[in-house]
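Peer 1: I'd like to ask some things about the structure below.
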Amino acid sequence: MTSFLPANCALFLANAVNLAPVDYAILLIYVFVVVAIGFALKRYMKSSADFLTSGRSIPAWVTGLAFMSANLGALELVGMSACGAQYGIATCHFYWVGAIPAMVFLAVFMMPFYYGSKARSVPEYLKMRFDERVRGFNSITFAVMTVFASGISMNALAGLLHQLLGWNYDLSLWICSAVVLVYVLKGGLTSAIYTEVLQFFMIVLGFAPVVYLGLKDVGGWSAVTRNLAQVSQHPAAQNLNDKVFGADAWTSAWSPIIGGAAENPMGVDIFAMVFGLGFVLSFGYWCTNFLVVQRAMAAKNMTSARNTPLIAAVPKMILPVLVILPGMIAAVLGNMQGKNYSIPKTEIPEASYPALIQVLKSESANLDAAAVTPEVIKSLEKKLTDATGKSSGISFFAPKLAPLAASAKTLDDAALKPAIQDAVTNDYNGVILSLLQRYCPTGLLGLALTALLASFMSGMAGNVTAFNTVWTYDLYQAYIAPNKSDEHYAWMGRAITVVGILLSIACAYFARNFNNAMNICQLVFGFVNAPLFATFLLGMFWKRTTGTGAFLGLLAGTATSAIFHGLTLSVGSNPGVKGAYLGLAHTFPSEMAQNFWLATFAFSVCFLLTAGISLATQRTKSDADLKGLVYSLTPKLVVENQPFYLKPAVLGSVLLGICVILNIIFW
Amino acid sequence: MGLDLRKPIGIFFLVLGVILVGHGFLTRGAEMYAKSLGININLIWGAVLIVFGLLMLIPALLSKGGGE
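If you're matching them up, the sequences are chains W and B in order. For the first sequence, position 325 (counting from the first letter as 1) is numbered 325 according to our numbering, and the numbering increases by one without interruption. For the second sequence, position 59 (counting from the first letter as 1) is numbered 59 according to our numbering, and the numbering increases by one without interruption.
As C-alpha cells, this is what we get:
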C-alpha cells in the first residue's frame, strides 16, 4: 500500500493471455511453498506474542527485506510503472526523497524508542507516551485502513485474474484469500514476513529479464534518453500530457522541478516535492505506519531493529530500475516507429458502443459545442452510468466524452466510434502487463505473473497481520477484555485473523461495486495520515508535549486536511471527490501537487496546535514515566563490541551520501 | 524463529530454475522466442535462478546459526 499516490482504485483492462502448463506449474509451486512455510512455522507459535509479534526473534536481513517489501505491493508495482510512463525519471523521488531519509531517521532516532519501550505496536507506544485517547484514535483508524487496503488489493487481484486469465472473479478472490488465511493462521506474523522476503526475490528475479529485454529492444539507455527527449517535447502524441515541456522533462529528476510546476509533467513545485513529499508524507508513512514499523519491531534485538530500515534502504534505492524504468521503456516504445507498441488504452467492450453512441446523440440535442459546463458533464456521467453500468468505468470518462456529445450531431455512428476510443484516456495501469505480454514467452511469463500475484497476496497478509495485532492488543485487550490469560489473546489473534480476511473480502466486493465510495474512503484515510508525523516528532523529542495537546492537535490536523481538500482542486478536475466541495479557494496544477500541499498544511497545523495546547495544559506524565519514550530523557544506547563503521548513524550517513550521488547523476 | 528462511527460498528458486531450463531446452528454436528478441530466455534465466537458489541454499546447509 502506498499512501503517496492519489486515490485510485485500479481498473485493470488488459488483453487475455494464455498460460501454458509450465506457467501454472510455477504458480502452483509458489502456493505450495508459502503454505509449507506456514506449516513449518506452526510449531514455533506458542504464545500470543509468537503469533502476533514473532516473539522478537527474526534476523535483520529478513526484517529488512520484509520492511521494504511490505510497501512493494502489487498496486505499487503497477502504479510506479504507470508513473514512469507518465512522468519519467522524476518518479524516482517516491523512492529517493520520499523514502531514504525517512528510513535513516527511523533507524537512527526513532527505533530506540519503539523497540526499547517494548511496545507491541505503534498505537501502544502512543498510549505509553500520551494517553488512551491518542491510542484509540490511531488504532481505530489504522485497523479500518488496513482492512480497506487489503480489500482494494484483493479486488484488483481478482479483477486481474478474471480479465487476464478468464478465471471466475468470486472463485479467484476466495481461493487467494484462503491461501493467505492458511499460511497466516499457521505461522502468524513470521509467515507474513517470510513470504514478503520471498515476494521480494520473486519481483527482482521475475522483472529483471523483462527490463533487460525491454532495454535491448529499444537499443539501450542512450536510446531511452534520446527518445524521451522527443516525448518531452511532444507528449500529446501519446496522449501523455496536453502541454509541451523542455527536452529533459522525462529524463532529469530535479531540473524540471526546480524550473517550477509548469516545467514538469507532475505539475509539482520544488517546495511541495521536498517538504510535502520528502518530509511530511515520507516521514509520516515510513516512521509511523505500523504496517512497516511492525517488521522492525519483530527483529531479534535492538541492533537488528535499528538495522532493519537501513538494510531496507539499499534495495529501495535500486528498485526504480525494476519498477519505474519499465514505464519509461513503454513511453520510448510508443515513440519509436516500427515497434508496433502503444500505451494501453482503457478498453471499451464492443457491446457497450451502441448504448454509448445513443447516449452521446441524445445528449447532443441539449447542448452546443461552446458550452460544456460542469452540469453537462454531470448529467452525461449519470446517463453513461445508467446505460453502461457503473462497473464498466466508462462514466469516469464523462469529461473527455462531453465535447464529443457536442459534435455528435454532425458525426455518424461509424465516425463516432474511433473518436470515442481516442477520447478515452490511456490506461497506465496496464503498462507493466503490456510489457510482460510483449516480452515473456511461456515459462518466463509464469515467473513474472507469479511474482505479481505473490505481491498481491503478501500485501493482504501484511495488512491482516498488522490488523490482528492492533485489534488484539490495542482494542480488544485495552477496551473490551483486559486481564485475560495469554491463551485467550492467542486464540483471539487467530480468530480475528479469520475475521480480518472475511472483512477484506467484503471490502473487495465493496470496491468492485462502489468504486467511488472506495475512493472517498481512501481520501479520508489520507486525511488521517497527513498530520500524524507531527504528533510523533513532538512526542519523541519534546518532553513537554501533553496527551491533550497531541490528541487535539491530531484531530485539528485531520480536520485541516479535510477542509483544505474541500477548498482546493487540481486543473481539469470537477468539484466532488477530487476536492472543492466546500467552495474553491485555489487550483493546483496537478492532483499530486494538491496532495503534497495538503499534507504540508495538515502537518503544520497539527504541529503548531500540539505545541501550543501542550504549553497551555498540565503535564500528566513525569520525567520518570517518560524514560525510554522521549529522546532527552533516555540514556544514550551504548553498544559494546560494535565497530564504529557499523553504528546506525554511520551506516545511515553512508546511505544518505549514496542517495545524494544518485540524485546528482540523474539531476 | 527456528526456520532458516534461506532454505525454502533456495529450494524454491532451484526448482523454478530447473523447470525453466527444462522448458527452455524442450522448446529451443520455438517461434515464441521471437517475443524475447530471439533469445532463449527460459534457458538463460533458468540457469540464473539455479545459481541464485544454490547461493541461498549452500550457506544455509553449511551453517548452524539459523540465518543469523
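In this text, a Cβ means the ideal position worked out from N, Cα and C, and glycines have one as well. Since the structure is predicted, the reported quantities are computational estimates derived from the model, not experimental observations.
(1) Just checking my contact of S455 (chain W) with L72 (chain W) at CB under 8 angstroms: how many whole Å lie between their CB atoms?
(2) At what residues does the beta strand (DSSP E) containing S570 (chain W) begin and finish?
(3) Residues in its own chain within less than 6 angstroms of S604 (chain W) by CB, not counting five upstream and five downstream?
(4) How is A443 (chain W) classed by DSSP in three states: helix, strand or coil?
(5) Does DSSP classify I58 (chain W) as helix, strand or coil?
(6) Tell me, please, whether the CB atom of P209 (chain W) is closer than 8 angstroms to any CB atom in chain B?
(7) In whole angstroms, what separates the C-alpha of P320 (chain W) from that of C92 (chain W)?
(8) Cβ closer than 7 angstroms: which chain W residues qualify as neighbours of F25 (chain B)?
(9) Can you confirm whether the segment 279-287 of chain W touches the segment 525-542 of chain W when touching is taken to mean that 3 or more C-beta pairs between the two stretches lie within less than 8 angstroms?
(10) Terminal residues of the continuous alpha helix (DSSP H) containing T225 (chain W)?
(11) Can you pull the chain W neighbours of S36 (chain B), defined as C-beta to C-beta under 9 angstroms?
(12) Looking at the secondary structure, which residues open and close the beta strand (DSSP E) in which F588 (chain W) lies?
(13) According to DSSP, which residues form a beta bridge with N468 (chain W)?
(14) Can you tell which of W:S614, W:A562 and W:S570 has its C-alpha closest to the C-alpha of A599 (chain W)?
(15) For I9 (chain B) and chain W, any beta-carbon pair shorter than 8 angstroms?
(16) Should P741 (chain W) go down as buried or exposed, given a rule of 16 or more other Cβ atoms within 10 Å for buried?
(17) Of all the options W:A466, W:A223 and W:Y87, which has the alpha carbon lying nearest to the alpha carbon of T190 (chain W)?
(18) Using the Cβ count rule (16 or more neighbours within 10 Å means buried), how would you classify V638 (chain W)?
(19) Between the C-alpha atoms of F137 (chain W) and L161 (chain W), what's the straight-line distance to the nearest angstrom?
(20) Which residues in chain B sit within 9 angstroms of F682 (chain W), going by Cβ to Cβ distance?
(21) Could you check if L13 (chain W) is buried or exposed, using at least 16 other CB atoms within 10 Å of its CB as the buried criterion?
(22) Alpha carbons only, please: which of W:Y115, W:L569, W:G159 and W:V182 is nearest the one belonging to S172 (chain W)?
(23) From this set, W:G88, W:G260, W:M145 and W:P265, which residue's C-alpha is nearest L681 (chain W)'s C-alpha?
(24) Considering Cα atoms alone, identify which of W:S622, W:A236 and W:V577 is closest to A85 (chain W).
(25) Which residue marks the beginning of the alpha helix (DSSP H) containing D486 (chain W), and which one marks its end?
(26) How many Å lie between H234 (chain W) and T587 (chain W) at the Cα?
(27) Spatial neighbours of G98 (chain W) within its chain, please: CB distance less than 8 angstroms, with the 5 preceding and 5 following residues excluded, ordered by chain position.
(28) Does the contact criterion of 3 or more C-beta pairs under 8 angstroms hold for the segment 251-262 of chain W versus the segment 487-503 of chain W?
(29) Where do the ends of the alpha helix (DSSP H) carrying W597 (chain W) lie?
(30) Could you please give the first and the last residue of the uninterrupted alpha helix (DSSP H) stretch that includes E124 (chain W)?
(31) I'd like to check one pair, E591 (chain W) with S622 (chain W): are the Cβ atoms closer than 8 angstroms?
(32) Please confirm if A530 (chain W) has its CB atom under 8 angstroms from at least one CB of chain B.
(33) Give me the Cβ distance between G206 (chain W) and A448 (chain W), rounded to the nearest whole Å; I'm assuming they're in contact under 8 angstroms.
(34) Thinking just about the alpha-carbon of each residue, which of W:A585, W:T546, W:L523 and W:G652 is nearest to the one in T141 (chain W)?
(35) Indicate whether the contact test is met: 3 or more Cβ pairs, each with one atom in the segment 645-662 of chain W and one in the segment 10-24 of chain B, closer than 8 angstroms.
(36) Report the CB separation of Y489 (chain W) from T472 (chain W) in whole angstroms; it is logged as a contact under 8 angstroms.
Peer 2: Let me lay it out:
(1) 6 angstroms
(2) T568 to S570
(3) none
(4) The question names Ala, but residue 443 (chain W) in the sequence shown is Gly. Three-state result, G443 (chain W): coil.
(5) strand
(6) yes
(7) 6 angstroms
(8) Near F25 (chain B) there are no residues of chain W at all, since even the closest Cβ is about 11 angstroms away, more than 7 angstroms.
(9) yes
(10) G220 to Q233
(11) Result: P209, L213, Y439, C440, P441 and L444.
(12) H586 to F588
(13) N468 (chain W) is not bridged to any residue.
(14) W:A562
(15) With respect to chain W, the C-beta atom of I9 (chain B) has a partner C-beta closer than 8 angstroms.
(16) Given a span of 1 to 667 for chain W in the structure shown, any question on residue 741 (chain W) remains unanswerable.
(17) Checking every option, the nearest Cα to that of T190 (chain W) belongs to W:A466.
(18) exposed
(19) 37 angstroms
(20) Summary: the structure shown does not reach residue 682 (chain W), with chain W confined to residues 1 through 667, and so no result is reported for it.
(21) In this predicted model, L13 (chain W) has a pLDDT of only 44, less than 50, meaning its place in the structure is not dependable enough to derive any value.
(22) W:G159
(23) There is simply no residue 681 (chain W) to check, as chain W begins at 1 and stops at 667 in what is shown.
(24) Here the closest residue by C-alpha is W:A236.
(25) D486 to N513
(26) 25 angstroms
(27) F4, L277, G278, L281 and S282
(28) The segment 251-262 of chain W makes no contact with the segment 487-503 of chain W; the number of CB pairs closer than 8 angstroms stays below 3.
(29) E591 to A616
(30) V122 to R129
(31) no
(32) no
(33) 4 angstroms
(34) W:L523
(35) Remark: fewer than three beta-carbon pairs, one from each stretch, lie closer than 8 angstroms, so the segment 645-662 of chain W and the segment 10-24 of chain B are not flagged as touching.
(36) Indeed they touch by this definition, with Cβ atoms about 6 angstroms apart.
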